[in-house]
DNA sequence: GCGACAG
DNA sequence: ATCTTGTCGC
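Structure, rendered in structure tokens:
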């Protein structure tokens with residue numbers, strides 16, 4: 028993938044998403060998943076500083092083997108649909124500090140469950156050329172029915188077909204395509220929005236999320252990254268960049 | 001034109 | 001996302 032600038036106007040960012048979306052691989056091309064990463068972004072000083080948190084867990088023990096935090100000035104405001112342009116730069120800074128490469132990354136946000144099928148998980152996966160899964164806590168787009176109540180069960184998240192969708196995706200009688208899964212990761216709690224980021228299918232994405240589930244709503248990779256990105260669990264972060 | 005809208 | 005008090009439950 029050709030490198031591009033992150034400071035773009037909304038119009039340019041949307042045009043870029045449309046150009047990149049066709050490159051997102053939705054087939055399973057996972058390698059040996061020895062390490063699973065979890066990524067999340069937090070903000071400090073009223074949003075002036077962006078704080079990227081990255082954790083590496085060993086599979087299948089899910090033991091935490093490495094964690095890094097990277098801080099840098101916030102450049103872009105939050106605009107629905109353009110989240111990746113605001114958060115990926117900082118995420119890359121955190122990745123640069125990692126001493127080992129993960130075989131899979133779980134990102135807090137959407138994968139292809141995005142208006143132009145290029146949510147932050149897909150964009151990051153494309154940039155790093157690594158398998159990624161979007162694990163969102165709320166919906167950006169798409170519709171879904173009642174979510175089963177048992178842990179591990181899910182209902183499809185569908186959306187009207189778009190130009191950004193591959194021509195070979197299955198379209199139902201109503202012209203809709205499945206872009207993700209609304210997963211009951213824990214009983215009695217709001218469901219999770221799981222969608223393929225890059226280099227894996229929806230069934231595989233759901234499988235990995237379920238396999239990384241503990242007793243909490245979020246899978247371990249995202250849960251730990253979330254905790255590190257926020258102030259909670261004040262863990263001693265390794266190699267950070269101060270401002 | 002009127003809502004909806006990841007983090 | 002972040003700001004915040006109390007409250008319910010394992």
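In my numbering, the protein residues as written are 28 to 270.
Glycine residues also receive a C-beta, built at the ideal position from the N, C-alpha and C atoms.
Cβ-based neighbour list, residue i, same chain, cut-off 6 Å, excluding 5 preceding and 5 following
| i | result |
| --- | --- |
| residue 65 | 82, 133, 248, 249, 251, 252 |
| residue 44 | 143, 145 |
| residue 265 | Since pLDDT at residue 265 reaches only 42, below the 50 mark, its modelled position is unreliable, and the value read off the structure follows with that caveat. So the qualifying residues of the chain are 95. |
| residue 198 | 188, 204 |
Host alpha helix (DSSP H) of residue i (start-end)
| i | result |
| --- | --- |
| residue 15 | Given a span of 28 to 270 for the chain in the structure shown, any question on residue 15 remains unanswerable. |
| residue 152 | 147-155 |
| residue 219 | From DSSP, residue 219 is part of no alpha helix (DSSP H) but of the beta strand (DSSP E) over 219-225. |
| residue 238 | 229-238 |
| residue 38 | 37-47 |
Residue i burial status per 10 Å Cβ neighbour count (16 or more: buried)
| i | result |
| --- | --- |
| residue 162 | buried |
| residue 3 | The structure shown has nothing for residue 3, since the chain only spans 28 to 270. |
| residue 172 | exposed |
| residue 263 | Low per-residue confidence applies at residue 263: pLDDT is 46, beneath 50, and the placement is therefore not dependable, though the value from the model is reported in the following sentence. Exposed, since its Cβ has fewer than 16 Cβ neighbours within 10 Å. |
| residue 51 | buried |
| residue 53 | buried |
| residue 36 | exposed |
| residue 67 | buried |
| residue 193 | exposed |
Check whether residue i and residue j have beta carbons under 7 Å apart
| i | j | result |
| --- | --- | --- |
| residue 257 | residue 138 | no |
| residue 130 | residue 61 | yes |
| residue 188 | residue 174 | no |
| residue 140 | residue 181 | no |
| residue 158 | residue 57 | yes |
| residue 118 | residue 79 | yes |
| residue 113 | residue 105 | yes |
| residue 128 | residue 178 | no |
| residue 40 | residue 109 | yes |
Three-state secondary structure assigned by DSSP to residue i
| i | result |
| --- | --- |
| residue 138 | coil |
| residue 67 | strand |
| residue 99 | strand |
| residue 127 | coil |
| residue 163 | strand |
| residue 8 | Residue 8 cannot be examined here, being either before or after the span of the chain that is shown, 28 to 270. |
Contact set for residue i: own chain, Cβ-Cβ below 8 Å, skip 5 residues either direction
| i | result |
| --- | --- |
| residue 160 | 131, 132, 133, 134, 138, 148, 221, 222, 223, 224, 227, 232, 235, 236 |
| residue 115 | 33, 147, 150, 151, 154 |
| residue 87 | 238 |
Beta strand (DSSP E) segment containing residue i, residue limits
| i | result |
| --- | --- |
| residue 110 | Per DSSP, residue 110 belongs to no beta strand (DSSP E); it is in the alpha helix (DSSP H), 110-122. |
| residue 186 | 181-187 |
Same chain, Cβ closer than 7 Å to residue i, neighbours up to 5 away in sequence not counted
| i | result |
| --- | --- |
| residue 74 | 101 |
| residue 243 | 213, 250 |
| residue 166 | 220 |
Any non-hydrogen atom of the ligand FAD closer than 6 Å to residue i Cβ
| i | result |
| --- | --- |
| residue 201 | For the structure depicted, the ligand FAD is absent and the ligand set is empty, with no information on it obtainable. |
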